[in-house]
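Everything on this sheet refers to the single structure shown next.
Number of protein chains: 2
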Amino acid sequence: MTEKDAFDLKDFLPYLLNQAAEVTSREFQTYYRRRYGMLRTEWRVVFHLGRYGDMTATEICDRSMTHKTKVSRAVKALEKKRFIKRTVVEADKRNETLSLTPSGRAAFRDLFSAARTYDATVARQFSAEENAVLRACLAKIAGA
Amino acid sequence: MTEKDAFDLKDFLPYLLNQAAEVTSREFQTYYRRRYGMLRTEWRVVFHLGRYGDMTATEICDRSMTHKTKVSRAVKALEKKRFIKRTVVEADKRNETLSLTPSGRAAFRDLFSAARTYDATVARQFSAEENAVLRACLAKIAGA
DNA sequence: ACATATTAGTTGCTTTTGTAACTAACAAGG
DNA sequence: CCTTGTTAGTTACAAAAGCAACTAATATGT
Numbered sequence: 102m103t104e105k106d107a108f109d110l111k112d113f114l115p116y117l118l119n120q121a122a123e124v125t126s127r128e129f130q131t132y133y134r135r136r137y138g139m140l141r142t143e144w145r146v147v148f149h150l151g152r153y154g155d156m157t158a159t160e161i162c163d164r165s166m167t168h169k170t171k172v173s174r175a176v177k178a179l180e181k182k183r184f185i186k187r188t189v190v191e192a193d194k195r196n197e198t199l200s201l202t203p204s205g206r207a208a209f210r211d212l213f214s215a216a217r218t219y220d221a222t223v224a225r226q227f228s229a230e231e232n233a234v235l236r237a238c239l240a241k242i243a244g245a
Numbered sequence: 102m103t104e105k106d107a108f109d110l111k112d113f114l115p116y117l118l119n120q121a122a123e124v125t126s127r128e129f130q131t132y133y134r135r136r137y138g139m140l141r142t143e144w145r146v147v148f149h150l151g152r153y154g155d156m157t158a159t160e161i162c163d164r165s166m167t168h169k170t171k172v173s174r175a176v177k178a179l180e181k182k183r184f185i186k187r188t189v190v191e192a193d194k195r196n197e198t199l200s201l202t203p204s205g206r207a208a209f210r211d212l213f214s215a216a217r218t219y220d221a222t223v224a225r226q227f228s229a230e231e232n233a234v235l236r237a238c239l240a241k242i243a244g245a
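Heads up: the protein sequence lines correspond to chains H and S, in order. Numbered according to my numbering, the first sequence spans residues 102 to 245. Numbered according to my numbering, the second sequence spans residues 102 to 245.
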């Protein structure tokens, strides 16, 4: 077997990334899913509103690189669960501003802190340098 | 804003991992999808058989941490496309050995080399050390 | 030998995602 | 104004994934 043939699935970045993403997503999911009945996109929407303030669905799409149908459905579900409310923008009635309700804000605070804790748990496995390299590489790949 | 509040979605590992995984998967997908009409799990099955030799569906499940229904459906689809064939194991008729057909083997060779090339393309963005750290971290996260 | 448990793999049903077509509101050029 | 184009967001339909119940073959304890 030549050196070239020693290429394994575990050497293949798309595979590695998917496996790692799946593990962490599955683990963190239990927070927003079990406790608030949220889906991943719903949690992302709540995160954006809680972290950056009121904004429209399109802004969330742009910032989180999520497709608008996913956000549209997440918004609908969050509205039904009374975590967010919408307000049509009078100046341009195509837009609607999304904002967290009090219970949405409470969920955000809880999940935000859970996210920080979970992130720290994963990060604890690595040195500061490793963490920096890992995150920089991921951001670069994701950004491309 | 305190230091604690400076936690961003882009600082959250599950999010970063998902974004990075999505970008690379989407890019590499075009190979197996456009050229062979395969789905991701089908490509993984082909990879396993081509890289490690004949094995059963359960072995593929174990090695690739994939659920058996996904593999079952991938096997069915690959069989219909004549990329693999199954042989019931006489010693234990619950098992069936999967193996590539000649056209399956040809597809594997092509995709294997495309995978190596694509991986190198992503890796080229980083130094040798960065690559080593990235892959080691991902493997550790995925393994946990 | 026989009831019970396990293992391999499949199927049916539900949930989630992707894609494309659609509505409604606005913008811009003539 | 009025046609044409664009933008925000929704919806309908199809593809894919997840989960649980199922069949068939084998193993195990009594």
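Note that CB positions come from ideal geometry on N, CA and C, so glycine has one too.
On the CB-based measure, 16 or more other CB atoms within 10 Å of its CB, does residue i come out buried or exposed?
i, result
"S/GLU143", "buried"
"S/HIS168", "exposed"
"H/VAL234", "buried"
"S/VAL189", "exposed"
"S/ASP163", "exposed"
"H/PRO115", "buried"
"S/ASP220", "buried"
"S/GLY154", "exposed"
"S/THR218", "exposed"
"H/THR125", "buried"
"S/SER204", "exposed"
Give a yes or no on whether the minimum CB-CB distance between residue i and chain H is below 9 Å.
i, result
"S/GLU231", "yes"
"S/ASP109", "yes"
"S/LYS241", "yes"
"S/ALA121", "yes"
"S/THR159", "no"
"S/THR220", "Strictly speaking, residue 220 of chain S in this sequence is Asp, with Thr absent from that position. Judged by the 9 Å Cβ criterion, S/ASP220 is in contact with chain H."
"S/ALA245", "yes"
Classify residue i as helix, strand or coil using the three-state DSSP reduction.
i, result
"H/ARG141", "helix"
"H/THR188", "strand"
"H/SER228", "coil"
"H/THR157", "strand"
"H/THR198", "strand"
"S/HIS168", "coil"
"S/ALA221", "helix"
"S/LYS182", "coil"
"S/ASP193", "coil"
"S/ASP109", "coil"
"H/ALA245", "coil"
Does the Cβ-Cβ distance between residue i and residue j come in under 9 Å?
i, j, result
"H/LEU199", "H/ILE161", "yes"
"H/LYS182", "H/TYR132", "no"
"H/PHE184", "H/MET139", "yes"
"H/ILE242", "S/ALA229", "no"
"S/ALA107", "H/GLU231", "no"
"H/PHE247", "H/ALA215", "Residue 247 of chain H is absent from the structure shown; chain H starts at 102 and stops at 245."
"S/THR170", "S/ASN196", "no"
Check whether chain S comes within 9 Å of residue i, counting only Cβ atoms and requiring the distance to be less than that.
i, result
"H/PHE213", "yes"
"H/CYS238", "yes"
"H/ASP69", "As displayed, chain H neither begins before 102 nor continues past 245, which places residue 69 of chain H out of reach and without an answer."
"H/PHE113", "yes"
"H/LEU140", "no"
"H/LEU179", "no"
"H/SER204", "no"
Assuming residue i contacts residue j (C-beta within less than 8 Å), just tell me the rounded distance between them.
i, j, result
"H/SER180", "H/ARG174", "Residue 180 of chain H is actually Glu in this sequence, not Ser. Not confirmed; about 11 Å, so no contact."
"S/LEU150", "H/LEU117", "Their Cβ separation, rounded to whole angstroms, is 20 Å, which puts S/LEU150 and H/LEU117 out of contact at 8 Å."
"S/PHE209", "S/VAL147", "5 Å"
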